[in-house]
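Below is one structure, written out as structure tokens; the observations come after it.
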Amino acid sequence: MSEASLSVRAIVIGASAGAIETLIQLLQPLPSSYRVPIIIVCHLPASEGDNMLSIVLARHCQLQVKEACERETLCSGTIYIAPPSYHLLLEKDLTLALSLDDKVLCCRPSIDVLFMSAADALEEELLGILLTGANADGADGLVAIKQRGGQVFVQDPVTATVDVMPRAALMALKKSHLSADAVENTQGLTRRLLSQL
Amino acid sequence: MKSAPLNAHRSIDDIEIELFIAAVHQKYEYDFSRYAKASLKRRILSLTEAHKLAHISELIPLLLYDDDFISEILGYLSVQVSEMFRDPHVFKKLREIIVPMLATYPQINIWLAGCANGEEAYSLAILLKEEKLLERSNIYATDISHKALDIAREGIYSADNLECFERNYQLAGGSGAFSDYYVSKYNYIHLHPELKKNIFFTDHNLACDGVFCEANLVMCRNVMIYFDKELKNRCLSLFTDSLVPGGYLCIGTKEDISFTTAESHYKALTQHERLFQKRF
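For the record, the sequence lines run as chains A and B. Here the first sequence is numbered in the working numbering, starting from 535 and rising by one per residue. Here the second sequence is numbered in the working numbering, starting from 85 and rising by one per residue.
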């Protein structure tokens, strides 16, 4: 990996349709000593108060998994999940913030909202990953991360359960004359994550 | 010619946002400097886009020379879209645990801080009516946005969300039918005017105004999530000062009073619904 990867201070991940299996594949191999905090926005048709994703991921991951709380400071070795129906944002002081602002592209939580705020907060010290999904959320967010000097990985659409989201992101990057730092299947992306240790 | 060195820690957006907030504060009493920055930026950017402006700083002349613009700004920077009986399990617990205690007071004062378009105030009025307490209740529903307060006073809402309202009403333990409380016309529902007889929609700014009533219950849900720590502490101490000993505080289900200056004044009644009681 490039030298720049050593300075990654947070990883943001967006996923939608097909997310759970994909997230498990991607994150299960990461050891509990994994340094970089991971923040996930996932669209789930969940009713409020339902934290299924946190529970399922926690069963499969070695890292600590928790639902993100407002004003919480990012800690290493932890995976934060956006609570259902709330946007999740990252502030410059690396605390998490929640919002009930309007849906973005019919989504709340919105991947774009997390990605854009994190891009602002961390600039080149951010890594964004977009996985399987059936809409275009996350595309603008990935562009924002790239524009601020961060890195972006996109799940290879051919290997995604639903390819709409990764394809939309690759298209949006291309339109902005940018490209992803990696386009791979989950095993490939996991290997890259492990090299961030 | 060599270009001047840039301040590497500031993006142009950040500079513009700070100037805009300062301009708002210098012209009016509204101080958004203690709002959480990431959400605030999104809101200011959407206001900028709505006016088809290329830069945030172009909002400043509008603010300075158009006296009507502030109400639009407040609309963008403060108002929350809400729904009737949002988080119905909270209203259910209010009904089960808090209302019987409120019933022991001859007069019940409720402060609903950050009432936005009023859905929560009407939800509360319905709940109190069903528990036969509305007549002796005063609901002080406050917000900084005049626009929102005007909508709240009208009590007219889009029927698009009717299904959600009805479901919420049932889950909240409603003893009748939600349809008992409105007439519908042209895809709008008009809540019965009698519901607002005891609601006082009033202008109040949590960032600078003081306590104005002695409350038995303070509800402030999903408002403080937009504030920084200092402003959140200010709000909580306003609520603490406003509440009678043994009074109740209800905050958003994802909010907390742990690690705030107010923590020691309260005991938690239900963790999931975030209901607290001020200590005697």
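Every residue gets a Cβ at the ideal spot worked out from N, C-alpha and C, and that includes glycine. Only a predicted model underlies this, so the values are computations on that prediction, with no experimental measurement involved.
Inter-residue spacing [alpha-carbon to alpha-carbon] between residue i and residue j
{"i": "alanine 122 (chain B)", "j": "serine 651 (chain A)", "result": "6 Å"}
{"i": "asparagine 201 (chain B)", "j": "glutamine 164 (chain B)", "result": "8 Å"}
{"i": "alanine 106 (chain B)", "j": "serine 117 (chain B)", "result": "8 Å"}
{"i": "alanine 716 (chain A)", "j": "methionine 308 (chain B)", "result": "39 Å"}
{"i": "leucine 728 (chain A)", "j": "serine 541 (chain A)", "result": "14 Å"}
{"i": "alanine 551 (chain A)", "j": "proline 329 (chain B)", "result": "50 Å"}
{"i": "glycine 667 (chain A)", "j": "arginine 682 (chain A)", "result": "24 Å"}
{"i": "leucine 298 (chain B)", "j": "proline 184 (chain B)", "result": "Reading the sequence as shown, one finds glutamate at residue 298 (chain B) and not leucine. Going from the Cα of glutamate 298 (chain B) to the Cα of proline 184 (chain B) covers about 19 Å."}
{"i": "arginine 490 (chain A)", "j": "threonine 724 (chain A)", "result": "With chain A running from 535 to 731 in the structure shown, residue 490 (chain A) is simply not present."}
{"i": "proline 563 (chain A)", "j": "glycine 684 (chain A)", "result": "24 Å"}
{"i": "phenylalanine 360 (chain B)", "j": "glutamate 102 (chain B)", "result": "36 Å"}
{"i": "serine 321 (chain B)", "j": "glutamate 113 (chain B)", "result": "20 Å"}
{"i": "leucine 147 (chain B)", "j": "aspartate 627 (chain A)", "result": "30 Å"}
{"i": "threonine 345 (chain B)", "j": "lysine 313 (chain B)", "result": "10 Å"}
{"i": "leucine 253 (chain B)", "j": "histidine 276 (chain B)", "result": "The sequence as given places tyrosine at residue 253 (chain B); leucine does not occur at that position. Taking the straight line from one Cα to the other gives about 16 Å."}
{"i": "proline 565 (chain A)", "j": "tyrosine 310 (chain B)", "result": "35 Å"}
{"i": "leucine 212 (chain B)", "j": "histidine 711 (chain A)", "result": "59 Å"}
{"i": "isoleucine 154 (chain B)", "j": "serine 229 (chain B)", "result": "9 Å"}
{"i": "lysine 338 (chain B)", "j": "phenylalanine 175 (chain B)", "result": "15 Å"}
{"i": "glutamate 278 (chain B)", "j": "isoleucine 194 (chain B)", "result": "17 Å"}
{"i": "leucine 634 (chain A)", "j": "glutamine 355 (chain B)", "result": "20 Å"}
{"i": "phenylalanine 364 (chain B)", "j": "isoleucine 192 (chain B)", "result": "18 Å"}
{"i": "asparagine 317 (chain B)", "j": "glutamate 347 (chain B)", "result": "10 Å"}
{"i": "cysteine 609 (chain A)", "j": "serine 166 (chain B)", "result": "32 Å"}
Cβ of residue i within 8 Å of any chain A Cβ
{"i": "arginine 358 (chain B)", "result": "no"}
{"i": "isoleucine 309 (chain B)", "result": "yes"}
{"i": "glutamine 355 (chain B)", "result": "no"}
{"i": "valine 165 (chain B)", "result": "yes"}
{"i": "arginine 318 (chain B)", "result": "no"}
{"i": "arginine 237 (chain B)", "result": "no"}
{"i": "lysine 121 (chain B)", "result": "yes"}
{"i": "glutamate 102 (chain B)", "result": "no"}
{"i": "arginine 179 (chain B)", "result": "no"}
{"i": "asparagine 306 (chain B)", "result": "yes"}
{"i": "arginine 127 (chain B)", "result": "yes"}
{"i": "lysine 216 (chain B)", "result": "no"}
{"i": "lysine 338 (chain B)", "result": "yes"}
{"i": "lysine 313 (chain B)", "result": "yes"}
Residues that residue i bridges to, as DSSP identifies them
{"i": "aspartate 287 (chain B)", "result": "B:Asp227"}
{"i": "leucine 630 (chain A)", "result": "A:Leu624"}
{"i": "glycine 548 (chain A)", "result": "A:Val575, A:Leu664"}
{"i": "tyrosine 241 (chain B)", "result": "B:Ile273"}
{"i": "tyrosine 614 (chain A)", "result": "A:Ile573, A:Lys600"}
{"i": "serine 221 (chain B)", "result": "B:Ile192"}
{"i": "valine 717 (chain A)", "result": "A:Val688"}
Below-8 Å beta-carbon distance, residue i vs any chain B residue
{"i": "proline 617 (chain A)", "result": "yes"}
{"i": "serine 651 (chain A)", "result": "yes"}
{"i": "serine 633 (chain A)", "result": "yes"}
{"i": "arginine 605 (chain A)", "result": "yes"}
{"i": "aspartate 636 (chain A)", "result": "yes"}
{"i": "glutamate 718 (chain A)", "result": "no"}
{"i": "valine 546 (chain A)", "result": "no"}
{"i": "glutamate 625 (chain A)", "result": "yes"}
{"i": "aspartate 674 (chain A)", "result": "no"}
{"i": "tyrosine 820 (chain A)", "result": "A query on residue 820 (chain A) cannot be resolved here, the shown segment of chain A reaching from 535 to 731 and no further."}
{"i": "valine 688 (chain A)", "result": "no"}
Where residue i sits in the DSSP three-state scheme
{"i": "valine 267 (chain B)", "result": "strand"}
{"i": "leucine 712 (chain A)", "result": "coil"}
{"i": "lysine 213 (chain B)", "result": "helix"}
{"i": "methionine 303 (chain B)", "result": "strand"}
{"i": "threonine 272 (chain B)", "result": "Note on identity: in this sequence residue 272 (chain B) is tyrosine, with threonine being the wrong assignment. DSSP places tyrosine 272 (chain B) in strand when its eight states are reduced to three."}
{"i": "phenylalanine 360 (chain B)", "result": "strand"}
{"i": "alanine 200 (chain B)", "result": "coil"}
{"i": "glutamate 604 (chain A)", "result": "coil"}
{"i": "glutamine 254 (chain B)", "result": "helix"}
{"i": "valine 174 (chain B)", "result": "helix"}
{"i": "valine 647 (chain A)", "result": "helix"}
{"i": "cysteine 641 (chain A)", "result": "strand"}
{"i": "glutamate 102 (chain B)", "result": "helix"}
{"i": "proline 565 (chain A)", "result": "coil"}
{"i": "asparagine 282 (chain B)", "result": "helix"}
{"i": "proline 184 (chain B)", "result": "helix"}
{"i": "methionine 586 (chain A)", "result": "helix"}
{"i": "alanine 652 (chain A)", "result": "helix"}
{"i": "glutamine 164 (chain B)", "result": "coil"}
Any non-hydrogen atom of the ligand FAD within 7 Å of residue i CB
{"i": "glutamate 156 (chain B)", "result": "The ligand FAD is absent from the structure shown, which contains no ligand whatsoever."}
* Which whole runs of the beta strand (DSSP E) in the region 306-356 of chain B are 3 residues long or more, in chain order? -> For the region 306-356 of chain B, whole beta strand (DSSP E) runs of length 3 or above, ordered along the chain, are 327-335, 350-354.
* Continuous beta strand (DSSP E) assignments of at least 3 residues falling wholly in the region 659-705 of chain A -> 660-664, 685-689
* Complete alpha helix (DSSP H) runs within the region 107-154 of chain B (minimum length 4 residues, chain order) -> 121-134, 143-149
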